[in-house]
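Chemist: Take the sequence shown: its position 348, counting from 1, is numbered 343 in this note's numbering, and each next residue is one higher. For glycine and all other residues, C-beta sits at the position ideal for the given N, C-alpha and C.
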Amino acid sequence: MAWARVLAAAVLGTLGCGERAPDGPPRAAPVPPLPGRPPRPPAVEAPRRPPEVRPGEDFDAYAARGEEGLDLAAASLLLAREQEPGLEATGVLARLDAWASEVREVCAAAADRGAANGRFLDAAFGAAGLSFDRDDPEGRRPEGLHLHRVLERRQGACLGLALLVHALADRVGIPAQAVALPEHVFLRLDAGGAWRNVEVTAGGAAKSDEEYRSGHRVPPEAIAAGTYLAPVGRRGLLAMLCVNRAAHRLEAGDAAGALRDADRAIRLRATFPQGPANRAAALLALGRPADALASADRALALHPGLLGALLSRGEARARTGDLDGSRADAEEAVARAPADALARTLLGRVLLAARDAEGAAREFEAALALAPDLPDARRGLEAAERARGGGR
């Protein structure tokens, strides 16, 4: 056990290297590392447990502590409690702590950090059976995102799995980093001088940076700016959780709640483009197109071509009278995502406003072929038919 080694080192320091303890054999001094070679790190480090949540402390106050004062599990539970007032956080944390204690004992007995990582991943994805929820690949269900639900179901979206596995790693003493991609997150574990990428949606399988770069079409300029493929910290993971909550609230018609969560995401990590992108969408829903335009511009400065931000900016421009700018955004959105029904609908509306009823009808028909129940596309097609005198 790691604690036994720490205790032995403390006794050695008291007695002096090489001296005899009163009730045991001689204790040898530790062998110094070879010149130029750093000492091998222990298999696990001391568990990381920041101060507990204070009575009455809400998520915003807790998150303001800064990176080193955050426990991902406690923070996730504070957020979840806003929508689940009866959530008993103490029991969830006790369950996680008990699991971490078992996993730590297994990992601490490993020969080195690389072997400890293997044992850790086996415990999380093998013995515990954590897995990607293939019925919800885009993380549209809240239960796939919040840590306590993932712990309960043993399933989640990439973000929910990353939150739980990172919180477990902190408690076990496995150094971990969260790394962001467009619409995705993975973890890195310290293997003793090198970081191993861990794909949480594939049972902890290793993937290279190049696989992530090409598979997720990461803009080179966003990599250079440190937006993607760079560690984001615990605050970054929580920012991603707030981004997703904002999207869920928008879908539920709670624009004010969505704006609150988007603003939280921006405070937690200002370089995430999804925060201002969701803020722009919430502001549009609240009837504030000029403010939405500024937020969409910010998102696109961080991630050029981000589809949601393009659509929000195109809509904001249309509402503020800039039809040429709106058309440019809509055409770029369709070029980037020809199978996106919302992009087709926005372009159709812009064309209809420009009195191109034929072009508008084509875009609305394309949108309805992709999403037959999309109301805006249906209404737009009816308006286009009336404009060209066809009527159906």
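Alpha carbon to alpha carbon, how far is LEU306 from LEU365? Give it in angstroms, no decimals.
Modeler: Cα to Cα, the separation comes out at about 17 angstroms.
Chemist: Just tell me which of ARG314, TRP190 and SER209 has its CA closest to the CA of ALA201.
Modeler: Nearest of ARG314, TRP190 and SER209 to ALA201, Cα basis: TRP190.
Chemist: Check the C-beta distance from GLY270 over to VAL238 and give it rounded, since I have them as a contact under 8 angstroms.
Modeler: Indeed, because the Cβ distance is near 6 angstroms, the residues count as touching under 8 angstroms.
Chemist: Can you tell me whether HIS161 is helix, strand or coil according to DSSP?
Modeler: Note: HIS161 maps to helix in three-state DSSP.
Chemist: Using DSSP with H/G/I as helix, E/B as strand and the rest coil, what is ALA391?
Modeler: The first residue shown for the chain is -4 and the last is 387, placing residue 391 beyond what the model contains.
Chemist: Just how far apart, CA to CA, sit LEU288 and ALA294?
Modeler: Their backbone Cα atoms lie some 10 angstroms apart in a straight line.
Chemist: Which one or two residues does DSSP pair with SER126 in a beta bridge?
Modeler: Looking at the DSSP assignment, SER126 forms a beta bridge with GLN150.
Chemist: Let me know the secondary structure DSSP gives GLY375 once reduced to three states.
Modeler: Helix.
Chemist: According to DSSP, is ALA200 part of a helix, a strand, or is it coil?
Modeler: Note: ALA200 maps to strand in three-state DSSP.
Chemist: Applying the 10 Å Cβ sphere with the 16-neighbour rule, what's the burial state of ALA265?
Modeler: That one is exposed.
Chemist: Does the segment 55 to 67 come close enough to the segment 98 to 118 that 3 or more CB-CB pairs lie under 8 angstroms?
Modeler: As far as the Cβ criterion goes, the segment 98 to 118 does not touch the segment 55 to 67, which means the pair count is below three.
Chemist: Would you say GLN172 and PRO215 are within 8 angstroms of each other, going by their C-beta atoms?
Modeler: Against a cut-off of 8 angstroms, the Cβ pair of PRO215 and GLN172 comes out as no contact.
Chemist: Using DSSP with H/G/I as helix, E/B as strand and the rest coil, what is LEU65?
Modeler: DSSP places LEU65 in coil when its eight states are reduced to three.
Chemist: Using C-beta distances below 6 angstroms, list every residue in its chain close to GLY139, excluding the 5 sequence neighbours before and after it, in chain order.
Modeler: Around GLY139: ASP128, ASP131, GLY151, ALA152 and GLY155.
Chemist: Output the residue ranges of the alpha helix (DSSP H) runs that lie fully inside the segment 76 to 122 and measure 4 residues or longer, sorted by chain position.
Modeler: Runs of the alpha helix (DSSP H) inside the segment 76 to 122: 84 to 103 and 108 to 116.
Chemist: Run through the segment 310 to 360 for me and flag every whole alpha helix (DSSP H) of 4 or more residues, listed as ranges in chain order.
Modeler: Complete alpha helix (DSSP H) runs here, min 4: 318 to 331 and 336 to 348.
Chemist: In three-state DSSP terms, what is ASP185?
Modeler: Reduced to three states, the DSSP call for ASP185 is strand.
Chemist: Residue range of the beta strand (DSSP E) that VAL193 falls in?
Modeler: Here the beta strand (DSSP E) through VAL193 covers 190 to 193.
Chemist: For ALA241, collect the residues of the same chain with a Cβ closer than 6 angstroms to its Cβ; drop the 5 residues on either side in sequence, then sort them by chain order.
Modeler: Only ALA253, ASP256, ALA257 and ASN273 meet the Cβ criterion.
Chemist: Three-state secondary structure (DSSP) at PRO45?
Modeler: Note: PRO45 maps to coil in three-state DSSP.
Chemist: Sorted by chain position, which residues of the same chain lie with C-beta nearer than 7 angstroms to ASP286's C-beta, five sequence neighbours on each side aside?
Modeler: For ASP286, where only same-chain residues beyond five positions count, the Cβ hits under 7 angstroms are LEU278.
Chemist: Should ALA325 and LEU347 be called a contact, given that it needs their Cβ atoms to be closer than 8 angstroms?
Modeler: Contact flag unset, no.
Chemist: Using 10 angstroms around the beta-carbon of PRO50, count the other beta-carbons present and answer buried if the total reaches 16, otherwise exposed.
Modeler: So PRO50 counts as exposed.
Chemist: Leaving out the 5 sequence neighbours to the left and right, which residues in its chain are closer than 7 angstroms to ALA250 when beta-carbon positions are compared?
Modeler: Result list for ALA250: ALA277, ALA280 and LEU281, in chain order.
Chemist: On a Cα-Cα basis, can you pick out the residue from ILE218, ALA260, SER209 and ARG312 that is closest to ARG230?
Modeler: Closest by alpha carbon: ALA260.
Chemist: How many angstroms separate the CA atom of PRO28 from the CA atom of VAL39?
Modeler: Since pLDDT at PRO28 reaches only 48, below the 50 mark, its modelled position is unreliable, and the value read off the structure follows with that caveat. Going from the Cα of PRO28 to the Cα of VAL39 covers about 19 angstroms.
Chemist: Using CA atoms only, rank isn't needed, just tell me which of ARG322, GLY168 and TYR207 is closest to GLU178.
Modeler: Nearest option by C-alpha distance: TYR207.
Chemist: Roughly how many angstroms separate the alpha carbons of GLY198 and ALA89, rounded to a whole number?
Modeler: Computed Cα separation, rounded: 25 angstroms.
Chemist: In the DSSP assignment, the alpha helix (DSSP H) including ASP131 goes from what residue to what residue?
Modeler: Per DSSP, ASP131 belongs to no alpha helix (DSSP H) and is neither H nor E.
Chemist: PRO367 bridges to which residues according to DSSP?
Modeler: Its beta-bridge partners do not exist; DSSP assigns none.
Chemist: Tell me which residue opens and which closes the alpha helix (DSSP H) that VAL238 is part of.
Modeler: That run of the alpha helix (DSSP H) goes 228 to 246.
Chemist: Considering only the alpha carbon of each residue, which of LEU142, ASP317 and ALA69 lies closest to VAL345?
Modeler: Checking every option, the nearest Cα to that of VAL345 belongs to ASP317.
Chemist: Alpha carbon to alpha carbon, how far is PRO42 from VAL167?
Modeler: Roughly 5 angstroms separates the two Cα atoms.
Chemist: For GLU353, I'd like the list of residues in its chain whose CB is within less than 7 angstroms of its CB, leaving aside the five on either flank, ordered along the chain.
Modeler: Closer than 7 angstroms at the Cβ level, and outside the excluded window around GLU353, lie ARG383.
Chemist: Cα-Cα, which of GLU310, ASP371, GLY228 and ALA275 is closest to LEU263?
Modeler: Per the Cα distances, GLY228.
Chemist: DSSP on VAL180, reduced to helix/strand/coil?
Modeler: It is a strand residue.
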